[in-house]
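Protein chains: 2
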Amino acid sequence: MKKTKEKVNAAIIIIGNEILSGRTQDVNVVSISLWLNELGVQLEEVRVIPDIENSIIRTINEVRKKFKYVFTTGGIGPTHDDITSQSIAKAFNMKYGYHKEAYAILEKYYGKEKFSPGRKKMAMMPTKASLILNPSSGAPGFILDNVYCLPGVPSILKSMLGGLKNKIKGGKKILSKTISVNTVESEIAKSLEYVQRKFKTVDIGSYPFFRLGKIGVSIVIRSSDKKKIDDCYKEIVSFLKNKKIDIIGKR
Amino acid sequence: MKKTKEKVNAAIIIIGNEILSGRTQDVNVVSISLWLNELGVQLEEVRVIPDIENSIIRTINEVRKKFKYVFTTGGIGPTHDDITSQSIAKAFNMKYGYHKEAYAILEKYYGKEKFSPGRKKMAMMPTKASLILNPSSGAPGFILDNVYCLPGVPSILKSMLGGLKNKIKGGKKILSKTISVNTVESEIAKSLEYVQRKFKTVDIGSYPFFRLGKIGVSIVIRSSDKKKIDDCYKEIVSFLKNKKIDIIGKR
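As structure tokens, this is what we get:
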């Protein structure tokens, strides 16, 4: 990955003991990353950290200085182990308490009768945060400066990304092409390296796969410059033909 | 998570643009974490970083000082984008070149005739590293100090963990119990918080789920102290009964 002027970057901080313990398989990185690709934002780092206040504060304050956008997932629910909101308020030295707008949204969502103390906790966050609306289950996420706090439940997180689109200013959209071939990596390593040297600003990745008993390699070309991808693609296809290597898929 | 004297911790560094781009769903964190649980090692942080030499060097040198064990995944194959071995050699200020033992293993695996330059690259690593044997596909991983370098392909990685067992000195095994209930988090938040305050050295996590159209919560109790888990478990089951909340699963 080469730095270019147009590049806008991002990091994700996954807050959750359940990911670290191996109990839960994270799927949010893929969702957020694919959505960021569309917006022209390049995900450059992910961290998974435990539900410990100091870890959250330290990580947030380190990462938010390094990246244009930071997304956190997890820890904004109603239980004692949901400490993201209060920790982020501390990281920003901001007041933590009932957020008026969030309170009103949740009171309306549950109805006054059923708006229990547990549910009220979900209206507690840095009081000056802007909200990220939640079309699935009421409880909003929030934005402080360049930090976007989202829930951990994958379906809810996904439903909230749509409403965020206009708040993210991406660069050029990152495009990619994939060529899948019926060979092993060592057979194409040298030629691929040659092409990578020629196209310095294009990312060429090589990924072996084992599917249905077949061994193969996917060659992935990524760049925000369509012409460069196309040229690079042609060059790769050409050396594959010379080597008589079967192309089994393109997209 | 409270610090205890017996606790042995670890971090994982996933090296790979394909994870950051959303192209590939990581599954290695779950594999390594569950294996570490068995050994009494607690995974405390994960980082996903790109295939950029400086990122790898900086991250390795930061993380290896903070954690007892560090596992890296990815970037030790034969192609130009596999730069983990050389970057780690640089991080440790060690010579990078053909590793005698690795070279011999790979030459035997492929046979002299088929031991191409691409394949030979997989024998290049910090020359003084100890090897992690690979029962699936020949190419070994390696160990430098507290850093364990594994491949990114999930099935190969898994096959290599077995041989590592004796090299990891864990603490007490981390045990867990899970109670799944037919309710929403806000209904149990207060009681759970009360139990967590009573059992300060036990981790109690609360995770909502949406399965087959049913909403529920999994309560996960984790500790290396079996008695404390059992006592905590009883206390949670007791308040659930008082609240007339259905327990739909235990394990």
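Residue numbers (my numbering), protein chains in the order written: chain A, 43 to 293; chain B, 43 to 293. We treat Cβ as the ideally placed atom computed from N, Cα and C, and that holds for glycine.
Residue from A:Val71, A:Lys215, A:Arg253 and A:Asn188 whose Cα sits closest to the Cα of A:Lys209: Within the first sequence, the letter at position 167 stands for residue 209 of chain A. Looking at the Cα atoms, A:Asn188 is the closest of the given residues.
Of all the options B:Arg100, B:Lys200, B:Val69 and B:Leu254, which has the alpha carbon lying nearest to the alpha carbon of B:Lys132? Locating residue 132 of chain B in the second sequence gives position 90, where the first residue counts as 1. Of the listed residues, the one whose Cα sits closest to B:Lys132 is B:Arg100.
Between the region 214-224 of chain B and the region 250-265 of chain B, are three or more C-beta pairs nearer than 8 angstroms? yes
List the endpoints of the continuous beta strand (DSSP E) containing A:Pro250. What you label residue 250 of chain A is simply residue 208 of the first sequence in a count that begins at 1. Note, A:Pro250: beta strand (DSSP E), Asp245 to Arg253.
List, in chain order, every chain B residue whose beta-carbon is nearer than 8 angstroms to that of A:Asn59. Indexing the first sequence from 1 puts residue 59 of chain A at position 17. Those within 8 angstroms of A:Asn59 in chain B are Met43, Asp245, Gly247 and Arg264.
Buried versus exposed call for A:Asn96 [16 or more other C-beta atoms within 10 Å across all chains shown]: Position 54 of the first sequence, counting from 1, holds the residue named residue 96 of chain A. Its Cβ having fewer than 16 others within 10 Å, A:Asn96 is exposed.
Assuming B:Ala52 and B:Glu104 are in contact, meaning their beta carbons sit under 8 angstroms apart, how far apart are those beta carbons, in whole angstroms? Here the question's residue 52 of chain B lines up with position 10 in the second sequence. Here the question's residue 104 of chain B lines up with position 62 in the second sequence. Actually they are not in contact, since the Cβ atoms of B:Ala52 and B:Glu104 sit about 15 angstroms apart, beyond 8 angstroms.
When the Cα of B:Gly116 is compared with those of B:Leu62, B:Leu234, B:Ile289 and B:Thr225, which residue comes out closest? Position 74 of the second sequence, counting from 1, holds the residue named residue 116 of chain B. B:Gly116 has its Cα closest to that of B:Leu62, out of B:Leu62, B:Leu234, B:Ile289 and B:Thr225.
What three-state label does DSSP hand A:Pro193 in the structure shown? The residue you call residue 193 of chain A lines up with position 151 of the first sequence. It is coil, neither helix nor strand.
Tell me whether the beta-carbon of A:Phe157 lies closer than 8 angstroms to the beta-carbon of A:Ala171. Working through the first sequence from its first residue, we reach residue 157 of chain A at position 115. Working through the first sequence from its first residue, we reach residue 171 of chain A at position 129. No, these two residues do not count as a Cβ contact at 8 angstroms.
Does the beta-carbon of A:Arg65 have 16 or more other beta-carbons within 10 angstroms, so that it is buried, or is it exposed? Position 23 of the first sequence holds residue 65 of chain A. Buried, by the Cβ-count rule.
Quick check: what's the CA-CA separation for A:Arg293 versus A:Phe113? To locate residue 293 of chain A, count along the first sequence from 1; it is residue 251. To locate residue 113 of chain A, count along the first sequence from 1; it is residue 71. About 29 angstroms.
Closest by C-alpha distance to B:Ile174, when choosing among B:Glu277, B:Pro182 and B:Lys163: Position 132 of the second sequence, counting from 1, holds the residue named residue 174 of chain B. Of the candidates B:Glu277, B:Pro182 and B:Lys163, the one whose C-alpha sits nearest the C-alpha of B:Ile174 is B:Pro182.
Contact set for B:Thr46: own chain, Cβ-Cβ below 6 angstroms, skip 5 residues either direction: Reading the second sequence from its first residue, position 4 is the one you call residue 46 of chain B. The pLDDT assigned to B:Thr46 is 47, lower than 50, so where the model puts this residue is not dependable; a value taken from the coordinates is nonetheless given after this. The answer is none, since no qualifying residue turns up.
Can you have a look at A:Arg106 and say buried or exposed, based on whether 16 or more other CB atoms are within 10 angstroms of its CB? To locate residue 106 of chain A, count along the first sequence from 1; it is residue 64. Buried: at least 16 other Cβ atoms inside 10 Å.
In the structure shown, what three-state DSSP assignment does B:Arg161 receive? Residue 161 of chain B sits at position 119 when you count from the first residue of the second sequence. DSSP places B:Arg161 in helix when its eight states are reduced to three.
How close, in whole Å, do the beta carbons of B:Ser222 and B:Ile125 come, if the pair is a contact with beta carbons under 8 angstroms? On the second sequence, residue 222 of chain B is found 180 positions in, with the first residue counted as 1. On the second sequence, residue 125 of chain B is found 83 positions in, with the first residue counted as 1. Wrong, their Cβ atoms sit about 44 angstroms apart, outside the cutoff.
Going by the beta-carbon positions, is the gap between A:Gln128 and B:Val69 smaller than 8 angstroms? Residue numbering aside, residue 128 of chain A sits at position 86 when the first sequence is read from its first letter. Residue numbering aside, residue 69 of chain B sits at position 27 when the second sequence is read from its first letter. Contact: no.
Step through the CB atoms of chain B and report whether any lies within less than 8 angstroms of the CB of A:Asp267. Your numbering for residue 267 of chain A matches position 225 in the first sequence. Chain B, which has no Cβ nearer than 8 angstroms to the Cβ of A:Asp267, makes this no.
Go ahead and pull the three-state DSSP assignment for A:Glu227. Position 185 of the first sequence holds residue 227 of chain A. Three-state result, A:Glu227: helix.
So is B:Val90 in contact with chain A if we call contact Cβ pairs under 8 angstroms? Position 48 of the second sequence, counting from 1, holds the residue named residue 90 of chain B. At least one chain A Cβ lies under 8 angstroms of B:Val90.
C-beta atoms of A:Pro193 and A:Leu199 nearer than 8 angstroms: Position 151 of the first sequence, counted from the first residue, corresponds to residue 193 of chain A. Position 157 of the first sequence, counted from the first residue, corresponds to residue 199 of chain A. Cβ atoms of A:Pro193 and A:Leu199: closer than 8 angstroms.
In chain order, what residues of the region 64-83 of chain B put their CB closer than 9 angstroms to some CB of chain A? Gly64, Arg65, Thr66, Gln67, Asp68, Val69, Val71, Val72, Ser73, Ile74, Ser75, Leu76, Trp77, Leu78 and Asn79
Terminal residues of the continuous beta strand (DSSP E) containing A:Arg264? Along the first sequence, read from residue 1 onward, the residue named residue 264 of chain A stands at position 222. That run of the beta strand (DSSP E) goes Lys256 to Ser265.
A:Tyr275 burial status per 10 Å Cβ neighbour count (16 or more: buried): Translated into the one-based positions of the first sequence, residue 275 of chain A becomes position 233. Under this definition A:Tyr275 is a buried residue.
Backbone secondary structure at A:Leu175 - three-state DSSP: As a first step, residue 175 of chain A must be located in the first sequence, where it is residue number 133. Reduced to three states, the DSSP call for A:Leu175 is coil.
According to a CB-to-CB cut-off of less than 8 angstroms, which residues of the region 150-162 of chain A neighbour chain B? Ser158, Pro159, Gly160 and Arg161
Tell me which residue opens and which closes the beta strand (DSSP E) that A:Asn59 is part of. Indexing the first sequence from 1 puts residue 59 of chain A at position 17. No beta strand (DSSP E) contains A:Asn59, which is instead part of the alpha helix (DSSP H) from Asn59 to Leu62.
Can a CB atom of chain A be found closer than 8 angstroms to the CB of B:Pro120? Mapped onto the second sequence, residue 120 of chain B falls at position 78. Closer than 8 angstroms to some Cβ of chain A, the Cβ of B:Pro120 qualifies, so yes.
Would you mind sorting A:Leu243 into buried or exposed? The rule is 16 or more other CB atoms within 10 Å of its CB. One-based indexing of the first sequence puts residue 243 of chain A at position 201. A small fix is needed here, since residue 243 of chain A is Thr in this sequence, not Leu. By the neighbour-count rule (16 or more Cβ atoms within 10 Å), A:Thr243 is not buried but exposed.
Between B:Tyr152 and the rest of its own chain, which residues show a CB-CB distance below 6 angstroms, the 5 nearest in sequence each way excluded? Numbered from 1 along the second sequence, position 110 holds the residue referred to as residue 152 of chain B. Excluding residues within five positions, the ones whose Cβ falls inside 6 angstroms are Arg161.
List the endpoints of the continuous beta strand (DSSP E) containing B:Thr114. Working through the second sequence from its first residue, we reach residue 114 of chain B at position 72. First-last of the beta strand (DSSP E) with B:Thr114: Tyr111 to Thr115.
CB of A:Ile55 within 8 angstroms of CB of A:Val71, strictly: Counted from its first residue, the first sequence places residue 55 of chain A at position 13. Counted from its first residue, the first sequence places residue 71 of chain A at position 29. Not a contact, by the Cβ cut-off of 8 angstroms.
Amino acids of chain B, ordered along the chain, whose beta-carbon sits closer than 7 angstroms to that of A:Phe252: Indexing the first sequence from 1 puts residue 252 of chain A at position 210. In chain order: Ser197.
Determine the chain B residues that contact A:Gln238 at a beta-carbon separation under 8 angstroms, and present them in chain order. For the purposes of this step, residue 238 of chain A is taken as the residue at position 196 of the first sequence. By Cβ distance, chain B contributes His122 and Asp123.
DSSP three-state call for B:Arg65: helix, strand or coil? For this step, residue 65 of chain B is matched to residue 23 along the second sequence. In the structure shown, B:Arg65 sits in coil (DSSP, three-state: anything other than H, G, I, E or B).
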